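For reference, the structure is listed below as C-alpha cells.
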Amino acid sequence: MREETQRLLLIQDDFERFRAATRMLVDLDDLILEISRVRNESASRMQIRTIGAAAPQPPSDEALPEDARAVLECVRRMGTERFRRRDVFRRLARRFKTVAAMVPALDLLESAGHIRKVGPSAEPGQPGRRRSPEYEIRL
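49 is the number that my numbering gives to position 49 of the sequence shown; each next residue is one higher, with no gaps.
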C-alpha cells in the first residue's frame, strides 16, 4: 500500500495523479467493505458458538449498587427460578416507593447477567390488564 502511495507521489501530471488517487480510493473502499463483511461473519459465528457453550458467570454481588443488591437478595430468598416484577415490588415496597423506582435495579441486574427477562406468557386479546414482566434467574 505504501509503495502505491509513493508511486502516486511520483506522477507529475496533476490530472493523472488525481485519477490514480481516485482509483486507489475506490479500491480501498472495496477492500474495507470486504474486510467488514468477513469481520461481521466471524463475529456472528462466534456468537453462535458461545450460545451453545456454558453461560458466563455473572460478576460478583459486591460490584452492584445497594438497590440492585437488595433486589437480588430478595429474588434469591424467594427460592424460585422465575419471578414477576410485581412480586419483588411487593416484598420491597418499603425500599422502593414506586415500581418505576425499582426498574433501574432490575435493568442493571439484567445487563450484568444475573437475571433475564422472559417473554410474555399471556396471549394477546385476553381480558384484563397485562401481566407484570417475568424474569428468570441466571445464578
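Where a beta carbon is used, it is the ideal one built from N, C-alpha and C, also for glycine. Bear in mind the structure is a predicted one, so any value in this text is a computation, not a measurement.
DSSP bridge partner residues for residue i (one or two, in chain order)
i, result
"residue 84", "134"
Whole-angstrom C-beta distance between residue j and residue i, which should lie under 8 Å
i, j, result
"residue 64", "residue 112", "7 Å"
"residue 71", "residue 106", "6 Å"
"residue 8", "residue 24", "7 Å"
"residue 136", "residue 62", "23 Å between Cβ atoms; not a contact."
"residue 108", "residue 68", "5 Å"
N-terminal and C-terminal residue of the beta strand (DSSP E) that residue i is part of
i, result
"residue 77", "From DSSP, residue 77 is part of no beta strand (DSSP E) but of the alpha helix (DSSP H) over 66 to 78."
"residue 116", "115 to 118"
Bounding residues of the alpha helix (DSSP H) (the contiguous stretch that carries residue i)
i, result
"residue 7", "2 to 10"
"residue 92", "Element bounds for residue 92: n/a, residue is neither H nor E."
"residue 104", "99 to 112"
Straight-line gap, residue i to residue j (C-alpha atoms, nearest Å)
i, j, result
"residue 114", "residue 90", "20 Å"
"residue 35", "residue 42", "11 Å"
"residue 37", "residue 1", "21 Å"
"residue 103", "residue 126", "25 Å"
"residue 156", "residue 110", "This structure does not reach residue 156, given that the chain is present from 1 up to 139, and the question cannot be answered."
"residue 79", "residue 39", "43 Å"
"residue 138", "residue 77", "14 Å"
CA nearest to the CA of residue i, picked from the options
i, options, result
"residue 84", "133, 127 and 119", "133"
"residue 75", "67, 88 and 66", "88"
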